[in-house]
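Asker:
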Amino acid sequence: MISDVRDAKQKEIAEVLKQLDMLTKMTGLPIYPEPKTGNPLWSDVRELDLRYQIPVKKISKFFDELKKGKVLATRCSKCGTVYFPPQDDCPKCKTSNLEWKEIQGEGEILTFTVISVKPPSFAHYPDYVVGIARFGDVNVTAWVDGPREKIKVGSRVKLDVSKREPEGYITYRLILV
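Going letter by letter, the sequence shown gives residues 3 to 179 in the working numbering.
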């Protein structure tokens, strides 16, 4: 399934690059009108294929609990700072003695933005909202699910764990309360 999405994306990108090449040959510049606004965009056509691996052994509990529908943060037992996403070491104290803390209850949206110009790996999604919500002593950045006209600074939200398709990833999102 992921390979199907990747293949479709690669074909779409190849077509866009072909059109951009033709436009650049005609005008001498890789500038084209952004489809939604018509504003001019400079397009750097150098390809960047980014794949990465992150060691998660020390924070594997986060993923284990995510599968169970829980979202966890870490709290430094020395300085009390809470980290989300979880950290394996405290950047302030340099200690590895962190405790797990479940993020529960309701939070409040501090800020949000509508993502309409997406990276290629998210281009198959319709425009979406990403927000930062405060849950007690920790901020959580996530997609916000709910009617766009009701998403405002100060809106109450809760965390929801679900599977995001088509990738099939288990992830978390903010849901308007």
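We put the beta carbon where it would ideally sit given N, CA and C, even for glycine.
Would you grab the beta carbon distance between R158 and E108 for me? Rounded to a whole angstrom, and I think it's under 8 angstroms.
Answerer: 5 angstroms
Asker: Could you check the C-alpha separation between I134 and I15 for me, to the nearest Å?
Answerer: About 30 angstroms.
Asker: Going by the CB atoms, is the gap between V155 and T113 shorter than 8 angstroms?
Answerer: The answer is yes: Cβ separation under 8 angstroms.
Asker: Is there contact here, the stretch 138–153 with the stretch 69–89, by at least three beta-carbon pairs under 8 angstroms?
Answerer: Contact between the stretch 138–153 and the stretch 69–89 is present, because at least three Cβ pairs lie under 8 angstroms.
Asker: One question on the structure: do L22 and P32 come within less than 8 angstroms of each other, judged by their Cβ atoms?
Answerer: yes
Asker: Going by C-alpha to C-alpha distance, which of D91, P35 and I117 sits closest to K59?
Answerer: D91
Asker: Locate the beta strand (DSSP E) running through T83, then write down its first and last residues.
Answerer: First-last for T83: undefined, no H or E at that position.
Asker: Anyone know if the C-beta pair for E101 and T76 falls short of 8 angstroms?
Answerer: yes
Asker: Spatial neighbours of K152 within its chain, please: C-beta separation below 7 angstroms, excluding the five flanking residues on both sides.
Answerer: L178
Asker: If you draw a straight line from the alpha carbon of S45 to that of S118, how long is it in whole angstroms?
Answerer: 16 angstroms
Asker: What is the residue span of the alpha helix (DSSP H) that T29 lies within?
Answerer: I4 to T29
Asker: Hey, could you find the ends of the beta strand (DSSP E) F114 is sitting in?
Answerer: E108 to I117
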